[in-house]
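S.K.: Sharing a structure below in structure tokens format, with a few things to ask.
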Amino acid sequence: MELTNFPIFTFSNCQLMEIEINKESIANRFMRYVRIDTQSDPKSGTHPSTEKQKNLSKILVDELKEIGITDAEMDVYGYVYATIPANTEKNIPVICFCSHIDTAPDASGTNVKPILHKNYNGEDIALPDDVSQVLSPVVYPYLKTQIGGDIITASGLTLLGADDKSGVAAIMEAAAFLMKNPAVIHGKIRILFTPDEEIGEGTYKIDMKKLAADFAYTLDGGEAGSLEDETFSADGATIIVNGVISHPGYAKNKLVNALKVGAEILHALPPNEWSPETTEKKEGFVHPVRFEGIAERATLEFIIRDFDDEKLKEHGRRLKEIAEDVVNHYKGASIDFTIREQYRNMKRILDQHPQVVQFAAEAINRAGLDVTTESIRGGTDGSRLSYMGLPCPNLFTGMQGIHSKLEWIGINDMAKAAETVVHLCMIWEEKAEI
Ligand SMILES: [Zn+2]
6 MELTNFPIFT FSNCQLMEIE INKESIANRF MRYVRIDTQS DPKSGTHPST
56 EKQKNLSKIL VDELKEIGIT DAEMDVYGYV YATIPANTEK NIPVICFCSH
106 IDTAPDASGT NVKPILHKNY NGEDIALPDD VSQVLSPVVY PYLKTQIGGD
156 IITASGLTLL GADDKSGVAA IMEAAAFLMK NPAVIHGKIR ILFTPDEEIG
206 EGTYKIDMKK LAADFAYTLD GGEAGSLEDE TFSADGATII VNGVISHPGY
256 AKNKLVNALK VGAEILHALP PNEWSPETTE KKEGFVHPVR FEGIAERATL
306 EFIIRDFDDE KLKEHGRRLK EIAEDVVNHY KGASIDFTIR EQYRNMKRIL
356 DQHPQVVQFA AEAINRAGLD VTTESIRGGT DGSRLSYMGL PCPNLFTGMQ
406 GIHSKLEWIG INDMAKAAET VVHLCMIWEE KAEI
């Protein structure tokens, strides 16, 4: 038989292909990454905010090169870019997978000691370096889904950093799988690791031209199967109260104290609605975050949140009316009211490209999981990326108890995240031709 005529079998269009992610390998990867301190710092003002984040970036570049990804590189800001070359003839969109390398400033990230608990039995786990830190299925019912599997915790003195090193590990393991299994057919895949997500600066220095991707997925979500395609839309509002100043000894019927007017504005906000402490699910809110000043002049800052952009604007108008109503009672006093855009609900962009979320849901199903679609009462790097021209929903990694000493993750979930990434690469190749 002529070898050239021998049919070459590929896994393209083969929906039932089993993707075997090596659990030991992904667990080891994850534990390697969390030991490196990559805490970001909101006060630093530099990019990256902490130089130590580059220690992980460098390791990731080395490991990417080891698995055969030759163009892996770290830029001066600590971002890692890498390409898994296409092995399809089809002309299909370039897909990017993105996770952040930094950990939150909320708890220490120095000397993280990951502990592997094999074959979790469903009981409480007291963390050895501070036994008052107890991980319990009563507080984290999701722990029960991990019985019989392996989980990883920190040791009691630090956070674990599953947020978002589980995403990093899942992308790295999926990349290693794709490089090792050329029979799995996919288009061009871009990998992006970002610093400073936890301080809201993860997208600041992304070079979109260099990234050159059409669609993206962040791996920065919680329970296995969850797919987040909606975030808040967010504005910030500032009210400056201009009082009327006069010598306090001779101020009768003249002085208007800006601090008192400011306090009255806060008091005029409705007590039983319209605030973070009185809303949930799809309800928006207005939330004062700073109040300072002197008798002459006071500044009030608010954040405004809603899933609906029209309602968001309405919240701003209502806040302005409330403030004007108050200040109108004071002769000579005035307010300056300004609103600035912070970020917008990614859903508006994702709805224009429905296949991005549909393919993700299908990939989750092929990994053997049910999809839970969720709305985030906050923002993600994905909401900013979506408005920077890169539609980007958020995928699960399994991370739990994030930003705390009780942070933990199940290895089965993390492996499912890697499996979902591989399926997604295949689905784009099967279905999206341009
Ligand atoms: Zn995160």
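All you need for this note's numbering is the position in the sequence shown, starting with 1, plus 5.
Here a beta-carbon is modelled for each residue, glycine too, at the ideal position from N, C-alpha and C.
Just so you know, these numbers come straight off a predicted model, no measurement behind them.
Could you pull out every residue in the same chain whose Cβ sits closer than 8 angstroms to the Cβ of Met184, ignoring the five residues on either side in sequence?
M.R.: In the sequence shown, the residue the question calls residue 184 occupies position 179. Cβ neighbours of Met184 beyond the five flanking positions: Ile72, Gly73, Ile74 and Ile89.
S.K.: Can you pull the DSSP bridge partners for Tyr222?
M.R.: Reading the sequence shown from its first residue, position 217 is the one you call residue 222. DSSP output for Tyr222 lists Phe102 as bridge partner(s).
S.K.: So, under 8 angstroms CB-CB, Gly403 and Gly387 are touching, yes? Tell me the CB distance rounded to an integer number of Å.
M.R.: Taking the sequence shown and counting its residues from 1, one reaches residue 403 at position 398. Taking the sequence shown and counting its residues from 1, one reaches residue 387 at position 382. Actually they are not in contact, since the Cβ atoms of Gly403 and Gly387 sit about 18 angstroms apart, beyond 8 angstroms.
S.K.: Mapping the DSSP letters down to three states, classify Arg345 as helix, strand or coil.
M.R.: By one-based count along the sequence shown, residue 345 stands at place 340. Correct three-state label for Arg345: strand.
S.K.: The beta strand (DSSP E) with Leu305 in it runs from where to where?
M.R.: As a first step, residue 305 is located in the sequence shown; it is residue number 300 there, counting from the start. Per DSSP, Leu305 belongs to the beta strand (DSSP E) from Arg302 to Asp311.
S.K.: Out of Ile299, Trp279, Gly298 and Ala300, which one is the CA nearest neighbour of Phe290?
M.R.: Taking the first residue of the sequence shown as position 1, residue 290 is located at position 285. Nearest of Ile299, Trp279, Gly298 and Ala300 to Phe290, Cα basis: Trp279.
S.K.: Near Lys193, what residues of its chain come up, given a Cβ to Cβ distance below 7 angstroms and the 5 sequence neighbours on each side ignored?
M.R.: Residue 193 sits at position 188 when you count from the first residue of the sequence shown. Here the set comprises Thr88, Pro90, Ala91 and Val99.
S.K.: Once you ignore the five residues that flank Glu301 on each side, which residues in its own chain have a CB closer than 7 angstroms to its CB?
M.R.: Position 296 of the sequence shown, counting from 1, holds the residue named residue 301. Gly248, Ile250 and Ala263.
S.K.: Once you ignore the five residues that flank Leu317 on each side, which residues in its own chain have a CB closer than 7 angstroms to its CB?
M.R.: As a first step, residue 317 must be located in the sequence shown, where it is residue number 312. Hits under 7 angstroms: Ser238, Asp240, Gly289, Ile309 and Asp311.
S.K.: Given Lys170, which residues of its chain have a CB within under 7 angstroms of its CB, disregarding the five upstream and five downstream residues?
M.R.: On the sequence shown, position 165 is the one that residue 170 refers to. Phe35, Tyr38 and Val39, listed in sequence order.
S.K.: Thr115 and Thr163: beta carbons closer than 8 angstroms?
M.R.: Here residue 115 refers to the residue found at position 110 of the sequence shown. Here residue 163 refers to the residue found at position 158 of the sequence shown. Closer than 8 angstroms, so yes.
S.K.: Going by beta carbon distance, what residues of the same chain come within less than 8 angstroms of Pro293, once the five residues before and after it are set aside?
M.R.: For the purposes of this step, residue 293 is taken as residue 288 along the sequence shown, with counting starting at 1. Correct list, in chain order: Leu271, Leu274, Leu305, Glu306 and Phe307.
S.K.: Quick one: measure Cβ to Cβ for Ile369 and Leu232, integer angstroms, because I've assumed they're closer than 8 angstroms.
M.R.: For the purposes of this step, residue 369 is taken as residue 364 along the sequence shown, with counting starting at 1. For the purposes of this step, residue 232 is taken as residue 227 along the sequence shown, with counting starting at 1. With 8 angstroms as the limit, Ile369 and Leu232 qualify as a contact, their Cβ atoms being about 6 angstroms apart.
S.K.: Less than 8 angstroms between C-beta atoms, sequence neighbours within five positions excluded: which residues of the same chain meet that for Gln360?
M.R.: For the purposes of this step, residue 360 is identified with residue 355 of the sequence shown, where counting begins at 1. Lys436 and Ala437, listed in sequence order.
S.K.: Got a sec, what are the start and stop residues for the alpha helix (DSSP H) Tyr125 sits in?
M.R.: Numbered from its first residue, the sequence shown carries residue 125 at position 120. Looking at the DSSP string, Tyr125 is not in any alpha helix (DSSP H), and its letter there is neither H nor E.
S.K.: Do you know how far the Cα of Ser391 is from the Cα of Tyr222?
M.R.: The residue given as residue 222 occupies position 217 in the sequence shown. The residue given as residue 391 occupies position 386 in the sequence shown. Computed Cα separation, rounded: 10 angstroms.
S.K.: Assuming Val426 contacts Ile31 under a Cβ cut-off of 8 angstroms, what Cβ separation, rounded to an integer in Å, is found between them?
M.R.: Start at 1 with the first residue of the sequence shown, and residue 426 comes out as number 421. Start at 1 with the first residue of the sequence shown, and residue 31 comes out as number 26. Actually they do not touch by this definition, with Cβ atoms about 11 angstroms apart.
S.K.: Which residues mark the beginning and the end of the alpha helix (DSSP H) in which Ser391 is found?
M.R.: Residue 391 sits at position 386 when you count from the first residue of the sequence shown. Start and end: Asp386 to Tyr392.
S.K.: The alpha helix (DSSP H) that contains Thr425, what's its start and end?
M.R.: Locating residue 425 in the sequence shown gives position 420, counting from the first residue. It spans Ile416 to Lys436 - the alpha helix (DSSP H) in which Thr425 sits, taken as one unbroken run.
S.K.: Determine the closest residue to Thr243 out of Lys257, Gln357, Lys287 and Gln347, with distance taken between C-alpha atoms.
M.R.: For the purposes of this step, residue 243 is taken as the residue at position 238 of the sequence shown. Cα-wise, what sits closest to Thr243 is Gln347.
S.K.: Could you check whether Val85 and Phe182 sit closer than 8 angstroms to each other, using their CB atoms as the reference points?
M.R.: What you label residue 182 is simply residue 177 of the sequence shown in a count that begins at 1. What you label residue 85 is simply residue 80 of the sequence shown in a count that begins at 1. No. Outside cutoff.
S.K.: Under 8 angstroms by Cβ, that's how I've got Thr43 and Leu61 pegged, so tell me the actual separation to the nearest angstrom.
M.R.: Position 38 of the sequence shown, counted from the first residue, corresponds to residue 43. Position 56 of the sequence shown, counted from the first residue, corresponds to residue 61. Yes, they are in contact, since the Cβ atoms of Thr43 and Leu61 sit about 5 angstroms apart, within 8 angstroms.
S.K.: Within 7 angstroms: the Cβ of Glu206 and any heavy atom of ligand 1?
M.R.: As a position in the sequence shown, residue 206 is number 201, starting the count at 1. No, ligand 1 has no heavy atom inside 7 angstroms of this Cβ.
S.K.: Measure the alpha-carbon distance for Gly394 versus Leu165 and round it to whole angstroms.
M.R.: By 1-based counting over the sequence shown, the position of residue 394 is 389. By 1-based counting over the sequence shown, the position of residue 165 is 160. So the alpha carbons of these two residues sit roughly 33 angstroms apart.
S.K.: Taking the C-alpha atoms as reference points, what is the distance between Tyr125 and Gly153?
M.R.: Stepping through the sequence shown from its first residue, residue 125 is reached at position 120. Stepping through the sequence shown from its first residue, residue 153 is reached at position 148. Answer to the nearest angstrom: the Cα atoms are 5 angstroms apart.
S.K.: Roughly how many whole angstroms lie between the Cα atoms of Gly406 and Trp413?
M.R.: Translated into the one-based positions of the sequence shown, residue 406 becomes position 401. Translated into the one-based positions of the sequence shown, residue 413 becomes position 408. So the two alpha carbons sit approximately 6 angstroms from each other.
S.K.: Return the CA-CA distance between Ala217 and Pro200, expressed in angstroms with no decimal places.
M.R.: Numbered from 1 along the sequence shown, position 212 holds the residue referred to as residue 217. Numbered from 1 along the sequence shown, position 195 holds the residue referred to as residue 200. If you take the alpha carbons of Ala217 and Pro200, they lie about 19 angstroms apart.
S.K.: How is the beta strand (DSSP E) around Leu400 delimited, first residue to last?
M.R.: As a position in the sequence shown, residue 400 is number 395, starting the count at 1. Here the beta strand (DSSP E) through Leu400 covers Asn399 to Phe401.
S.K.: So which residues put a beta carbon under 5 angstroms from any heavy atom of ligand 1, going in chain order?
M.R.: The answer, residue by residue, is Asp168, Asp169 and Asp225.
S.K.: How is the alpha helix (DSSP H) around Ala175 delimited, first residue to last?
M.R.: Stepping through the sequence shown from its first residue, residue 175 is reached at position 170. Run containing Ala175: Ala167 to Lys185, per the alpha helix (DSSP H) assignment.
S.K.: If we require 4 or more residues per run, which alpha helix (DSSP H) segments fall completely within the region 219-273?
M.R.: Entirely contained in the region 219-273, the alpha helix (DSSP H) runs reaching 4 residues are, in chain order, 263-272.
S.K.: Counting along the chain, where does the alpha helix (DSSP H) carrying Ile327 start and finish?
M.R.: Translated into positions along the sequence shown, residue 327 becomes position 322. Looking at the DSSP string, the run of the alpha helix (DSSP H) that includes Ile327 is Asp314 to Val332.
S.K.: Does DSSP put Ser45 in a helix, a strand or coil?
M.R.: Your numbering for residue 45 matches position 40 in the sequence shown. It is coil, neither helix nor strand.
S.K.: Shortest alpha-carbon distance to Arg295 belongs to which of Ala268, Ala77, Glu282 and Lys287?
M.R.: Numbered from 1 along the sequence shown, position 290 holds the residue referred to as residue 295. Answer by Cα proximity: Ala268.
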